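Please read the structure below before turning to the comments.
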Amino acid sequence: MSKQLLSITNVKIAFAHISSRIKQTIVAVLSVTFGISMYIFMNGFMSGVNQTQSDLAFSTLANIRIYHDLPEDRTNILQRTEGEEVITHIRNAKVIQYTEGIKNAEKYIHILNQTPQVEVVAPEVNINVFFRNGSLKINGILNGIDPEQEDAVFHTADYLYSGSWNEIKHRSDGIVLGKGLARKLSLNLNDKVIVSTAEGVTKHFTIIGITETTLASVDNTQAYVRISTARQMLSENMSYVTDLQANISDYNQAAVLAQQLNRSIPYKVESWQEANGQLMAANTLRNIIAVAVSLTILLVAGFGIYNIMNMTVNEKIREIAILKAMGFDGKDIVQIFLTQSVIIGIIGGLIGLLLGYGISVLVDHVPFKIATLENLPMTYYSMDYVLAFFFGLITTFIAGYLPSKKASKVDPVDIIRG
Amino acid sequence: MSELALSAKNISKYFYVPQTFQVLKEISFDVKKGEFLSLIGKSGSGKSTLLYILSTLDTDYEGELIINNNNLRGKSQNQLAKFRNAHIGFVFQFHYLLPEFTALDNVMLPALKLGIKSKEEIEAKAYESLELLGLKDQAMKHTNRLSGGQQQRVAISRALINDPTIIMGDEPTGNLDSKNTSIVFDIFHQLAKERGQTVIAVTHDDDFANNSDRVLELHDGRLLSDKYREQK
């Protein structure tokens, strides 16, 4: 009981101090508020940018891609069989690829589907082809796909500019073109286009859709048809695919998972990190910037509180002396001043959470019409809010503790005698 | 009334800055319970220094100090804080009240710190203490709204709240006019006579000193005289 009363008394004194210097208290609260709201805003914005960047990248890049890689360099194949005394000379060596693409893909699709982290698998038959309209001839890539699975992996339907995506499924002569490709061919929706493969197989298609990802490399080269039509053009069986594209629950785990899958799948299993290292690096760098900037702001806020608490201690030094003379010990004094800074931290923190959310919403509505963006990107992860509050409290705690410690060491004789 | 409230044995103290200087030279004396004692001496005689040693605030001395049969030599700061809280009441030249608090809150503080009684009991006791000093009607006022004399009396009420064995005063009437001085003096006298509380006060005021039970005079850090007033 005595313990409790004691702390109530200390808290009461702390409140008296805070409310008697309302201006300083407000400044201290504001510095915490500012620090925390900036932390929230910076992290929300940066992960929003990362999210957008990743979404854009993952519109052409799956988390994991499985394909038949070209064999390694075998130009000196004979050196392995002959000793050093034999001179070999091979001219004009050629690589003969007996198999292309993935045979018996069902087996590997099954393996992927059995892997718990894998969320969706899309089989593809990709062919290098020429698109022709009259005398215009442009080379590009024909993607034989299943529209639903392709959309599940790449959200291709979201980038549809005109026409219908799912119709691919029902029309063997339907083709969806990239916008740039269609423009270069001077073609519009419902026009006809001729596609011919390197082997000379030619087929007429009707344009049933046009996509726009804003990535020129995609829009200028890609076209989509039903997967069975693509197999037909290559004269391959119904289990033939060139690529298996898979998305997993946490894309950061792709590299690890790719390594595991490599053991059971005899083809190249490539994670997005391997395929596009820059994206990974950019994401990480942005996160580092966000954390560095917001922690710096919190640190500055901490200095502000430290300063104000120091001033308070100096201002109240006679009170501290008399409290000590009356029998308050060092622990009580620390409690009194630490309570003040923690109160400041909590109030500033709560306001900071609201303000941070407010700023985020505001920035989220700033128009930003570049690429596929409408507004500036923003995320609202509750973890950012929890961490911001946590860091804010830690900062105020440390910033308050140092002056409190100083206050607790005040020698009442020095102060009272003057 | 013959029990000892305080016993000082061979107390010496040195100042080291700017140069080593012995302020107090082997001072020994005993104080009985219920005694009203004045410490006098010229400025620089060491009387305030002695008071701060007696009040346990200053621990940097040689010799022995026993209050209420407790030897206070070598106790930690926190132990001494606890001891002061329970056994010693302070009245300084300046009142040192907490300006954000009411008179009542100020008086209650040391008892809340001691934490033996319930809040209600402490409040009743604080009212009683304020009443003793004629301030009951000022209890709910903030202390910065009180006059100098009233503030000093609130400070005395605060010193009394835990029924301390000894009340220490450092020029307790130094800032007061003659009317308030005599009020404060009468209260000290009453406390010593009726409650058996010991009062030790450093003073410049000759009238104050001459009317107390016992006067100790310090000169250059030595006890010059130790006079008892004749009981009338």
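Those protein sequence lines, which keep their order, are chains A and G.
Residue 2 is where the first sequence starts when you use this note's numbering, and the numbers rise one by one after that.
Residue 188 is where the second sequence starts when you use this note's numbering, and the numbers rise one by one after that.
In this text, a Cβ means the ideal position worked out from N, Cα and C, and glycines have one as well.
Just so it is clear, the structure is predicted and the values come from calculations on it, not from any experiment.
Could you give the first and the last residue of the continuous beta strand (DSSP E) run that contains residue i?
| i | result |
| --- | --- |
| A:N248 | D244 to I249 |
| A:S291 | Here residue 291 of chain A is Ala; the residue named in the question, Ser, does not match the sequence. Element bounds for A:A291: not the beta strand (DSSP E) but the alpha helix (DSSP H), G278 to E316. |
| A:Q336 | Here A:Q336 belongs to no beta strand (DSSP E); instead the alpha helix (DSSP H) covers G331 to D365. |
| A:A255 | Where A:A255 is concerned, there is no enclosing beta strand (DSSP E), although the alpha helix (DSSP H) it sits in stretches over A255 to S265. |
Using 8 Å as the threshold, is the C-beta distance between residue i and residue j below it?
| i | j | result |
| --- | --- | --- |
| A:I112 | A:D244 | no |
| A:P124 | A:D147 | yes |
| G:V389 | G:A346 | no |
| A:A400 | A:I298 | no |
| A:I228 | A:Q118 | no |
| A:L190 | A:I169 | no |
| A:W166 | A:V154 | no |
| A:A199 | A:N134 | no |
| A:K185 | A:Y162 | no |
| G:T330 | G:L296 | no |
| A:A389 | A:I37 | yes |
| A:S405 | A:F338 | yes |
Determine whether the Cβ of residue i lies closer than 8 Å to any Cβ atom of chain G.
| i | result |
| --- | --- |
| A:D330 | yes |
| A:T10 | yes |
| A:V335 | no |
| A:Q341 | no |
| A:M310 | no |
| A:A17 | yes |
| A:A326 | yes |
| A:P413 | yes |
| A:I345 | no |
| A:I37 | no |
| A:S55 | no |
| A:S21 | yes |
| A:I417 | yes |
For residue i, report the span of its alpha helix (DSSP H) as first-last.
| i | result |
| --- | --- |
| A:E107 | A106 to Q115 |
| A:A94 | A:A94 -> no alpha helix (DSSP H), and no H or E assigned at all. |
| A:K410 | Looking at the DSSP string, A:K410 is not in any alpha helix (DSSP H), and its letter there is neither H nor E. |
| A:S38 | I23 to A58 |
| A:Q223 | Here A:Q223 belongs to no alpha helix (DSSP H); instead the beta strand (DSSP E) covers Q223 to R227. |
I want to see whether chain A comes within less than 8 Å of residue i, judged by CB atoms only; does it?
| i | result |
| --- | --- |
| G:K229 | no |
| G:R409 | no |
| G:M188 | The predicted position of G:M188 is uncertain, since its pLDDT is 41 and thus under 50; no value can be drawn from it. |
| G:Q264 | yes |
| G:A283 | The amino acid at residue 283 of chain G is misidentified as Ala; the sequence shows Tyr. Yes, G:Y283 counts as interfacial toward chain A. |
| G:N272 | yes |
| G:L296 | yes |
| G:K269 | yes |
| G:K300 | yes |
| G:E287 | yes |
| G:F277 | yes |
How should residue i be labelled, buried or exposed, when 16 other C-beta atoms within 10 angstroms of its C-beta is the threshold for buried?
| i | result |
| --- | --- |
| A:A94 | exposed |
| A:Q246 | buried |
| A:M239 | exposed |
| G:E222 | buried |
| G:G321 | exposed |
| A:A302 | buried |
| G:A268 | buried |
| G:Y203 | exposed |
| G:A379 | buried |
| G:I240 | buried |
| A:T313 | buried |
| A:L6 | A caution first: A:L6 carries a pLDDT of 44, below 50, which makes its placement in the model too unreliable to give a value. |
| A:I1 | No answer is possible for residue 1 of chain A: the residues shown for chain A start at 2 and end at 419. |
| G:L211 | buried |
| A:G210 | buried |
| A:V219 | buried |
| A:T212 | buried |
| A:Y241 | buried |
Under 8 Å, Cβ to Cβ, is there at least one residue of chain C near residue i?
| i | result |
| --- | --- |
| G:P351 | Judged by its chain identifiers, the structure shown contains no chain C, and its protein chains are A and G. |
With hydrogens ignored, establish whether the beta-carbon of residue i is closer than 7 Å to any heavy atom of the ligand SAH.
| i | result |
| --- | --- |
| G:L241 | Of the ligands one can find in the structure shown there are none, so the ligand SAH has no counterpart to examine. |
key: Members of the stretch 312–324 of chain A near chain G, C-beta cut-off 7 Å   = R319, E320 and I323
request  = May I ask you to list, following chain order, the residues of the stretch 399–411 of chain A that have a beta carbon less than 9 Å from some beta carbon of chain G?
outcome  = none
query = Using a Cβ cut-off of 7 Å, which residues of the stretch 379–402 of chain G contact any Cβ in chain A, in chain order?
reply = none
task = Identify each residue in the stretch 235–247 of chain G for which the Cβ-Cβ distance to at least one residue of chain A is less than 7 Å, and report them in chain order.
result = S235, Y239, L244 and D245
key: Residues of the stretch 248–262 of chain G with Cβ closer than 9 Å to any Cβ of chain A, in chain order   = Sequence-ordered contacts of the stretch 248–262 of chain G with chain A are nonexistent [C-beta pairs closer than 9 Å].
request  = Please list the residues of the stretch 115–136 of chain A that have a C-beta atom closer than 9 Å to any C-beta atom in chain G, keeping them in chain order.
outcome  = Here the close residues number zero.
Residues, ordered as in the chain, of the stretch 283–307 of chain A that lie near chain G by beta-carbon distance below 7 Å = none
message = Tell me which residues of the stretch 306–323 of chain G have at least one Cβ-Cβ distance to chain A shorter than 8 Å, keeping chain order.
response = K306
task = Could you list the residues in the stretch 23–34 of chain A with a C-beta less than 8 Å from some C-beta on chain G, going in chain order?
result = So the list is empty, because no residue satisfies the distance condition.
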